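Each remark here refers to the structure printed beneath this line.
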Amino acid sequence: MNIVDPIVKLFNEEIGKMLTSLNIWSILIRIVIAVLISGVIGLERSSRRQAAGLRTYILVGLGSAMIMITNQYLIEAFNNGDPARLGAGVLSGIGFLGAGTIMFTSKSQVKGLTTAAGLWSTACIGLCVGCGFYTMSLIVFVIIILVLTFLPKIEKVFTSRRGYFELHIEFESRANLKTYVSLVREQGYKIIAVEHNPAYSNSGLSVYTMVLVHRGKGGLNRKELLNWSKTLPYIEFIEEL
């Protein structure tokens, strides 16, 4: 069965054949599409000051597309080979690059997961473009941009409605934690989790990450609680994460 990409079907037979076969024009078109799509995703990550930005994403998308074009060339040149073999190697290898963008910060936060997932998805788009599957690559590109651009805003709305928030707190000593927890509960807050941060073990401070939610029974609101906490003499530093 001869399966043709839906976008290719929109063109006449001559152009469709050019887009699916291996020639100088199809190679250039695939490379340009891979660079443009990867570049737009990379720009979105750069705008959020992520470690992997425009150049990294372009290189990932371009390299993936090149692998699939090379794979097609090998199959046509030697009339033998596995069309998915080189692509599978790309997906395995991109894991090492993605892992390098994931960091565990001193404030017990995991950073870079979205960037790592974006790199992996961009590699997949590059593979789609490289093998001439234009429709899938463009559809997934639009979805990725929507996910990266609009979902953070939607997540923020849902999170704020639930009332959960995290605090990074640096106490003078461990004994201050119990006192602070009691005061916070008096203000109508429920302590969901308290996690000690070992990264500050040599600083002489007792540092914690605390997750709270307001029970809606009066007391200070989130901003007022933060400002009030800053006035307590045994708190060296506090901020909302």
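Under my numbering, think of the first position of the sequence shown as -7, with each following residue one higher. Backbone N, C-alpha and C fix where the C-beta goes; we use that ideal spot for every residue, glycine too. Computed from a predicted structure; not experimentally measured.
Let me check understanding here. Comparing Cα to Cα, which of the options lies closest to residue i?
i, options, result
"Gly104", "Gly55, Tyr49, Thr12, Ala44", "Ala44"
"Val176", "Asn219, Gly122, Ile25", "Asn219"
"Thr242", "Gln42, Glu231, Val27, Met58", "Limits of the chain in this structure are -7 at one end and 233 at the other, which puts residue 242 out of reach."
"Glu187", "Leu169, Tyr181, Gly180", "Leu169"
"Pro225", "Phe150, Phe163, Gly155", "Phe163"
"Tyr200", "His206, Arg214, Ala185", "Ala185"
"Tyr156", "Cys116, His206, Asn4", "His206"
Does the beta-carbon of residue i have 16 or more other beta-carbons within 10 angstroms, so that it is buried, or is it exposed?
i, result
"Ser193", "exposed"
"Phe125", "buried"
"Ser30", "buried"
"Ala191", "exposed"
"Met95", "exposed"
"Thr171", "exposed"
"Asn63", "buried"
"Gly90", "buried"
"Thr223", "exposed"
What are the boundary residues of the alpha helix (DSSP H) that includes residue i?
i, result
"Phe88", "77 to 91"
"Ser56", "46 to 70"
"Tyr226", "Premise fails: Tyr226 is in no alpha helix (DSSP H) and is neither H nor E."
"Arg22", "16 to 39"
"Leu169", "167 to 178"
"Ile7", "5 to 12"
"Ile(-1)", "-2 to 1"
Under the DSSP definition of a beta bridge, which residues are partnered with residue i?
i, result
"Lys103", "Met95"
"Thr201", "His160, Glu187"
"Glu216", "Paired residues: none, contrary to the question."
"Tyr181", "His206"
"Glu232", "Leu159"
Give a yes or no on whether the C-beta atoms belonging to residue i and residue j are separated by under 9 Å.
i, j, result
"Ile(-1)", "Thr114", "no"
"Ile25", "Ser129", "yes"
"Tyr49", "Leu111", "yes"
"Arg37", "Leu140", "yes"
"Leu212", "Gln179", "yes"
"Ile7", "Met58", "no"
"Cys116", "Leu138", "no"
Spell out whether any CB of chain D is found under 9 Å from the CB atom of residue i.
i, result
"Leu169", "Here there is only one protein chain, and chain D is not present."
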